[in-house]
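Here is the structure we will look at.
Number of protein chains: 2
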Amino acid sequence: MKAKTLNRQSKPRVTVKDLARDLGMSVSTVSRAFYADAVIAPTTREAVLARAQEIGYKPNPFAQSLITKKTQIVGMVVSDINNPFYPEVMTRLTEDLQAIGMNVMLVAASDSAKVDDAVRLLLSYQPDLVIILAASLSSEAMRECRVAGSPCIFFNRLSLDPECFGVSCDNREGGRRAADFLIDRNHRALAYVSAFPDASTNVERKEGFVDRAKERGVAEPVVIEAGRFSYDAGYAAADAFAALPFRPDGVFCANDILAIGFIEGVREKLGLDVPKHLSVIGFDDISMAHWPSHSLTTIRQPVDEMLATTVEFARALAANPEEKPVVRRIVPSAVIERNTTRWRMEETE
Amino acid sequence: MKAKTLNRQSKPRVTVKDLARDLGMSVSTVSRAFYADAVIAPTTREAVLARAQEIGYKPNPFAQSLITKKTQIVGMVVSDINNPFYPEVMTRLTEDLQAIGMNVMLVAASDSAKVDDAVRLLLSYQPDLVIILAASLSSEAMRECRVAGSPCIFFNRLSLDPECFGVSCDNREGGRRAADFLIDRNHRALAYVSAFPDASTNVERKEGFVDRAKERGVAEPVVIEAGRFSYDAGYAAADAFAALPFRPDGVFCANDILAIGFIEGVREKLGLDVPKHLSVIGFDDISMAHWPSHSLTTIRQPVDEMLATTVEFARALAANPEEKPVVRRIVPSAVIERNTTRWRMEETE
DNA sequence: CTGAAAGCGCTTACAG
DNA sequence: CTGAAAGCGCTTACAG
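Note that the protein sequences, when read in sequence, are chains A and B.
So for the first sequence, the numbering used here puts the first residue at 1; every next one is plus one.
So for the second sequence, the numbering used here puts the first residue at 350; every next one is plus one.
Structure follows, in structure tokens:
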């Protein structure tokens, strides 16, 4: 319920009618000029488009979607903004989507409880699809998307729902590579610093890491629960690390920002040096990771491919909302070695 | 020009007609229930709203805006995503706007040349207003906004255009405080690390800093041109710093991310210690600034007030697009002292 | 206070 | 290939 207010005073927009009158054509013909596969004489189309350009006519998207039931709108749901990985993804995705004529309607929610409300608001605009970045959607909210006819794409963090599209990197493989990297360099006491326990990214990275360690015959990595993907959580996790009955020499953190916090916590609070006393690996390769003060060894997300895949899905869904859901996992880079890891001496066990 | 495609298959949405039939009322009456100041019997309204809730009816915003010429959409233009200050602002602003029933349409453009195109696309959705974060709009683009009847609010970085709203902190005052802080602590050789030369934020911070130094009778601060608001620009600026004929002992950087890059450049490349050899002050107080590894002395932006003011403007403009433009500057915090600054010894000059 | 009718700016069968 | 007409889902004078 909103207050009724005066109409906008600005100059009235130019409409199909205006353009049709100007050209001495019917509105139907003018309209057809804007649809690639409409039947219309090429020369007519050209004339219409040229004149439209001149007098600044563009079809009103609201009127269009009223009829076509297509909005060219993609909803984007964001919540975890602590992680610098997302702002970049968000803006690049937006740009790429704009390039194919889709507009992004942004929905933000600090805590996930509010995500559902936000999604509801979003759905009233009938987005052709919704992309979820770093947020989990309640199954209720997902049902609503389905009813509204807006398919979902989960980016990075995946959903259990088989009805949803997904794009992420192969986190399990990333975890395995982290394990191999450390084991190859003689690390034998491994630990995983775990973030949000329900996030697929966290779970898969952990599983890959732990499984591979077992396969290689190394003691099962200990898991430290940091609980979230954030600097503060990593910093706090240093305490749990200190409380361990032994000191791991190789630590894989759920992502970069967590690793950076962890390293600083370990240094400040425990007086330990990385990589002298322990090696630390992150995940993402955010730009901060290569800053000299961090110089973090990490695994790069295949962001370009992930973005391209998402846009591809978006395009397919815009054309046909009934498209069958698929989730694509893209293999990440090998470990990028910087200054938070090093070889361990061979030890007699 | 787009491809024509099949209509969405999903269940048809429930419309006013459905609800009216269900309630045995006219569509006019049903419609009126959703407008606070429409003439309608309170009991009728209640009945309509209750039933709408039950069967999941919500007015179609496209149909609504076709008539009211109001879209409840605010366009948000973003470009400088290197600066961690913006993601937070972006999401908080989005949340706050959602809370008053407005939806955010995001427009991103990596380089400012593309901003204009992006704005054009945005305008086809006739946003009730557009908020510009960290981007400059060409006067051409601003003219288009005016023609389209979408007023602009510049957030943080201001525009010269007197027709635009603006919300920022009092950057000049911030610059003065930085000068006072350093001078009070016996710094006598001051420098300013300048970012994007056209940004009002940069210009005003510099002017405040320089003016205040002069007022206090200290030698005019030297200006180092870093050119952009980014870590890399700050890191690179260390070279220009080294090339100076003397070594400043107090440096004020245009913002935090620049300061962090500068400090690291100075440490890594020149082997200087901050704050031992020189003090450095940033601007913004991004969350990174209080991380132990940076522990940056800085001036906090009054983000809460800036956000509140922006939302207030947005609300006013939604009610009346003819609202007279005003720019509001909010006084920033005093310098927040951390570990990149310290007292200088009294020197004989 | 309520309802019938016109109309917002478009697209799309349907005829020609 | 083009045009006249109906209709998308709403709101809002206008009558009553």
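Cβ coordinates follow ideal geometry from the N, Cα and C atoms, glycine included.
How many Å lie between G614 (chain B) and I260 (chain A) at the Cα?
-> Answer to the nearest angstrom: the Cα atoms are 19 Å apart.
When Cβ atoms are compared, which residues of the segment 429 to 452 of chain B fall closer than 7 Å to chain A?
-> I430, P433, P436, E437, T440, T443, E444, Q447, G450, N452
Note the first and the last residue of the continuous alpha helix (DSSP H) segment covering S200 (chain A).
-> 200 to 215
Work out the CA separation of D622 (chain B) and R616 (chain B) for me, nearest whole Å.
-> 6 Å
Simplified DSSP assignment, three categories, for G101 (chain A) = coil
Nearest residue (CA-CA) to I606 (chain B), options B:T646, B:R596, B:A568 = Among B:T646, B:R596, B:A568, the Cα nearest to that of I606 (chain B) belongs to B:T646.
Could you please give me the residues that DSSP links to Y192 (chain A) through a beta bridge?
-> Beta-bridge analysis with DSSP links Y192 (chain A) to A:V223, A:F252.
Same chain, Cβ closer than 8 Å to D588 (chain B), neighbours up to 5 away in sequence not counted | G614, K618
Along the chain, where does the beta strand (DSSP E) that runs through S628 (chain B) open and close?
-> Per DSSP, S628 (chain B) belongs to the beta strand (DSSP E) from 628 to 630.
Closer than 7 Å to chain A by CB, F503 (chain B) = no
Terminal residues of the alpha helix (DSSP H) in which F241 (chain A) lies | Element bounds for F241 (chain A): 231 to 242.
Determine the chain B residues that contact L258 (chain A) at a beta-carbon separation under 7 Å, and present them in chain order.
-> Those do not exist, as L258 (chain A) stays about 13 Å from chain B at its closest Cβ, beyond 7 Å.
For P59 (chain A), which residues of its own chain have a beta-carbon under 8 Å away from its beta-carbon, when the five flanking residues on both sides are left out?
-> So the list reads V16, S31, F34, once near-sequence residues are dropped.
Counting only beta-carbon atoms, is P410 (chain B) nearer than 7 Å to chain A?
-> yes
Using the Cα positions of A483 (chain B) and L507 (chain B), report the straight-line distance between them to the nearest angstrom.
-> 9 Å
Rounded distance between the beta-carbons of T443 (chain B) and V453 (chain B), thought under 8 Å = 5 Å between Cβ atoms; contact.
Closest to F252 (chain A) by CA distance: which of A:T341, A:R329, A:V326 is it?
-> The shortest C-alpha separation from F252 (chain A) is found at A:T341.
Taking 7 Å as the CB-CB limit, is M105 (chain A) close to chain B?
-> yes
Exposed unless 16 or more other CB atoms sit within 10 angstroms - verdict on A352 (chain B) = Its pLDDT being 43, under 50, A352 (chain B) is placed unreliably by the model, and the measurement read from it follows with that caveat. The residue is exposed, with fewer than 16 neighbouring Cβ atoms inside 10 Å.
CA-CA distance, S65 (chain A) and F411 (chain B)?
-> One C-alpha to the other measures close to 8 Å.
Check whether S644 (chain B) and N604 (chain B) have beta carbons under 7 Å apart | no
When you compare each of B:L531, B:I573, B:P361 to A683 (chain B) by their alpha carbons, which one comes out closest?
-> B:L531
Starting from L19 (chain A), trace the beta strand (DSSP E) both ways and give me its first and last residue.
-> Element bounds for L19 (chain A): not the beta strand (DSSP E) but the alpha helix (DSSP H), 16 to 23.
DSSP state of A387 (chain B) mapped onto helix, strand, coil = coil
What are the start and end residues of the alpha helix (DSSP H) that includes F411 (chain B)?
-> In the DSSP assignment, F411 (chain B) falls within the alpha helix (DSSP H) that extends over 410 to 417.
Is any beta-carbon of chain A found at less than 7 Å from that of T697 (chain B)?
-> Confidence at T697 (chain B) is low in this model, with a pLDDT of 46, below 50, so its placement is unreliable and the value that follows should be read with caution. Not closer than 7 Å to any Cβ of chain A, the Cβ of T697 (chain B) fails to qualify, so no.
F545 (chain B) versus B:K555, B:I422, B:E661, B:A668, residue with shortest Cα-Cα distance | B:K555
From A369 (chain B) to Q402 (chain B), what does the alpha carbon distance come to, in whole angstroms?
-> 13 Å
Does the segment 135 to 155 of chain A come within contact of the segment 73 to 81 of chain A, defined as at least 3 CB pairs closer than 8 Å?
-> yes
Nearest to F434 (chain B) by CA position, among B:A497, B:I679, B:T417, B:R649, is which residue?
-> It is B:R649 whose Cα lies nearest to the Cα of F434 (chain B).
contact_flag[the segment 492 to 505 of chain B, the segment 655 to 662 of chain B] where n(CB pairs < 8 Å) is 3 or more | yes
Over what stretch of residues does the beta strand (DSSP E) that includes S150 (chain A) continue unbroken?
-> Counting along the chain, S150 (chain A) falls outside any beta strand (DSSP E), and DSSP gives it neither H nor E.
M694 (chain B) classed as buried or exposed, judged by whether at least 16 other C-beta atoms fall within 10 angstroms | M694 (chain B) sits exposed, since fewer than 16 C-beta atoms from the chains shown fall within 10 Å of its C-beta.
A108 (chain A) CB to nearest chain B CB: under 7 Å?
-> yes
What are the boundary residues of the alpha helix (DSSP H) that includes M655 (chain B)?
-> 652 to 668
Hey, could you find the ends of the beta strand (DSSP E) F165 (chain A) is sitting in?
-> 165 to 169
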